[in-house]
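The working numbering puts the sequence shown at residues 481 to 731.
Quick reminder that beta carbons are idealized off the backbone N, C-alpha and C, glycines included.
Below is one structure, written out as structure tokens; comments come after it.
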Amino acid sequence: MGRRPHPKSQQSQKSTFPRLYGRHAVFAALDNPERSFRKLWLTPASAKTLDLPPGLTVQYGDDHDLGRLCPVDAPHQGYVLEVEPLETIWLDEILAQGNDGSNRPIVVLDQVTDPHNVGAIMRSALAFGARALVTQDRHSPAETGVLARSASGALEQLPWVRTVNLARALGEIGEAGFWRIALDGTAEMTVETALGTAQAAFVLGSEGEGLRPLTVQNCDVIAKLPITGVESLNVSNAAAIAMYASARRGL
């Protein structure tokens, strides 16, 4: 799958390049053949746990030294890796794979900006076999260590499409044969009923603001999760439940 550079995928803290930290995020990046590395920082203890790729610049320090390279109190576990941003994947590349009748959904986020939530959604999307994550370029987090750690390796494997115009992207997704399901707690229909037999694209909004009206207008149906006792769930939990419901159709 071809990829092209994306200018948004940068981290501002002390470097113009993303710095990934923590064992899982760093190991996943090192195992990704499409990831380019700039520099790896290790402690003497963590250096004993991996075979270093040839040609990679490595610097050693103590926990305090590595902590200065990360956000405050970040659990780096003795690993910090500075990388080139991943090249973007474009929506037409995902849709060109065709509507194959499988239960692999697309997940679309409307202005979900918390990197912890986006990372957690990536992790669930990979676990439930989603085709891709689609976000709006200006209203989604950049590729950072926080997001990578929350994604627990999924950042390196799940296709992530960042689009300028989310409404237009939803139009293209619908034209490709996906059933666009907007998740909203006020809907009358449950997500299981809304799924039917079509290939799904789940559309979720930010906590608090929810889905924008133009986003809803570009969906086929509005559905809710069958929950009781609480008004709503965290957006990452809601996404996981919706993807599980989609995957269940194949059992």
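- Between the stretch 583-597 and the stretch 714-724, the count of C-beta pairs closer than 8 angstroms reaches three or more; the two stretches touch.
- Counting only residues of its own chain and dropping the five nearest sequence neighbours on each side, R729 has a CB closer than 8 angstroms to the CB of N583, L675 and T677.
- Of the residues P534, G535 and A527, the one whose Cα lies closest to the Cα of V560 is A527.
- Setting aside the 5 residues that flank it on each side, A649 is surrounded in the same chain by L571, V614 and T643, each with a C-beta closer than 7 angstroms to its C-beta; the list follows chain order.
- Remark: three or more beta-carbon pairs, one from each stretch, lie closer than 8 angstroms, so the stretch 650-663 and the stretch 690-702 are flagged as touching.
- With contacts defined as CB atoms closer than 8 angstroms, E562 and K519 qualify as a contacting pair.
- A direct Cα-Cα distance of roughly 23 angstroms separates P621 from D511.
- Residue pairing for T496: DSSP places it in no beta bridge.
- Looking from the CA of I586, the closest CA among I707, V641, L532 and D553 belongs to V641.
- Where G547 is concerned, there is no enclosing beta strand (DSSP E), although the alpha helix (DSSP H) around it starts and stops at D543 to G547.
- For E652, the enclosing alpha helix (DSSP H) covers residues L646 to E655.
- For the pair L546 and T529, the CB atoms are not nearer than the 8 angstroms cut-off.
- Nearest C-alpha to L691 among A647, Q637, L549 and A720: A647.
- About 11 angstroms separates the beta carbon of V598 from that of L638, a gap too long to meet the 8 angstroms contact definition.
- Of the other Cβ atoms in all chains shown, fewer than 16 fall within 10 Å of the Cβ of V538; this residue is therefore exposed.
- In terms of Cβ geometry, G502 and P555 form a close pair [threshold 8 angstroms].
- In terms of Cβ geometry, P498 and P565 form a close pair [threshold 8 angstroms].
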